[in-house]
Each structure stands twice: as C-alpha cells, then as structure tokens.
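Residue numbers (full-length UniProt numbering): 1 to 231. Just below is one structure, and these are the notes that go with it.
See the structure below:
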C-alpha cells in the first residue's frame, strides 16, 4: 500500500467513504479538501457499464463545459495554405505541416494539449501514430480534431471543449474545473458533463449505463456522488 502524506490522511477523515453525497455537498467538500499549495483540478470520474472489450461499446467524443476547465489549452494545427492562416488567426499556438511532423519525430516536441488536422494532412501525419496515439493526441474525426473548419475547432478547444474517451476498464475521467471556481460554476460544469455523457450511451449497452460517480481533486480523496442529484 502506498504511503500517504499527513495532509492527505487528515483531509481523508472529512470524507465518509460509505456515503453517496448530494452534488452540492460533494462540491463543497471537494473545495474543502483541496488544500494543496496550487489550484487543484476538480475531476469527475464515471464508472460505466460498458464492455470495454467490444468496439461498439467504446466512448470517444468531445464535450464542452459552460465555464471551461480553468486550464490554458495549447492547440497545435496541421494545415497548409489558407487553412494554416485561418488556424493562426483563430489563436492556434502552433501551425505547420511537414515541419511540425519532423519536430515531433526528431525533437520529441509534445508541448501541446490538442492536435487538429485538416483531412488532407492525415496522410502526412500518419507516421506520428505511435507517438501521438498513446498520449491521446492523434487527430481523429470522432473527436472533432480532423476538420476543414479549423478556425471553429481551434476556438472551441481554446474555450474548453475537450475529448473524452473510456479507459481500459470502461471508466471516464473528466476535468470539470478548478478548486478556485465558485460552487455554482463547478456544479453547472459537472451537471453539463454528466448529461453529455448520458447522451453518449452506446446503443449496444444494456441495462444501467452508469454504475458509480466520484468527484475528486488532484491531491484529494474520492467523494462518491448520488447520480440522481446530477440531472
């Protein structure tokens, strides 16, 4: 068992592990246990009932939060010509084509959170699959990151649109704000994220879709949330 700090052991006492908290209570408690020396991220963890071994039950899509995540998002765009100019004007942090592919391959450049590509660039960046894929950075049509409308995509991801995907055990982990957010903003973000996830239920999933919901902060313990208070 890993050893926890004295700080963690103290805040852990504030959380009743056997209780499912009302959302408002859970948000209040999450802010209370966020005692680290930096502004902790608040995360929503959702345990689903999908069979993650089956491709028709995977979830990979994007969601947007009404108040963003509180994180500055660095966006890289693979595009040429007019599309490259559109991306720059929309606020992309890095824009390029073969030059960016080479920078990622040879220099290990990965200082970005989202990679967007125009469809014609997929042939060029295909060789980056082994580098970007494991990090969840490879552009993908399902995630809205392969598009000709690069300006809109850049603006949306800058505002807080994000890709979500189930992990190898069928769980979703979604940043929903910072501990410094006021309660109302956090609550609205959490409810919005939860409802968007409900709408992504794969048709092949039978019975109860969501089994458990937990709220946590970067350095804090998990707080179980009553799903009925999220809608």
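Ideal Cβ placement from N, Cα and C applies to all residues, glycine included.
Does the distance from the C-beta atom of residue i to that of residue j stay below 8 Å?
i, j, result
"residue 23", "residue 200", "no"
"residue 182", "residue 173", "no"
"residue 228", "residue 27", "no"
"residue 69", "residue 116", "no"
"residue 179", "residue 15", "no"
"residue 161", "residue 64", "yes"
"residue 212", "residue 19", "no"
Just verifying my parser: in three-state terms, what is the DSSP assignment at residue i?
i, result
"residue 89", "helix"
"residue 15", "coil"
"residue 184", "helix"
"residue 208", "coil"
"residue 175", "strand"
"residue 217", "strand"
"residue 275", "What the structure shows of the chain is the stretch from 1 to 231, and residue 275 is not part of that stretch, so it cannot be assessed."
Within the continuous alpha helix (DSSP H) that includes residue i, where are the two ends?
i, result
"residue 122", "122-125"
Take the Cβ of residue i as the centre, count every other Cβ of all protein chains shown within 10 Å, and call the residue buried at 16 or more, exposed below.
i, result
"residue 81", "exposed"
"residue 105", "exposed"
"residue 97", "buried"
"residue 133", "exposed"
"residue 156", "buried"
"residue 184", "exposed"
"residue 13", "exposed"
"residue 83", "buried"
"residue 121", "buried"
"residue 31", "buried"
"residue 240", "Any question about residue 240 goes unanswered here, given that the chain covers just 1 to 231."
"residue 40", "buried"
List the endpoints of the continuous beta strand (DSSP E) containing residue i.
i, result
"residue 76", "75-78"
"residue 108", "Taken as a continuous stretch (DSSP letters only), residue 108 belongs to no beta strand (DSSP E), as it is neither H nor E."
"residue 129", "Note, residue 129: premise wrong, no beta strand (DSSP E); alpha helix (DSSP H) at 129-132."
"residue 136", "No beta strand (DSSP E) contains residue 136, which DSSP labels as neither H nor E."
"residue 97", "No beta strand (DSSP E) holds residue 97; DSSP gives it neither H nor E."
"residue 114", "114-117"
Inset, instruction - Taking only runs that begin and end inside the segment 20-65, name each unbroken beta strand (DSSP E) of 3 or more residues, in chain order. - result: 41-48 and 60-63
Legend entry - Secondary structure, alpha helix (DSSP H): runs of 4+ residues fully inside the segment 142-172: 150-159
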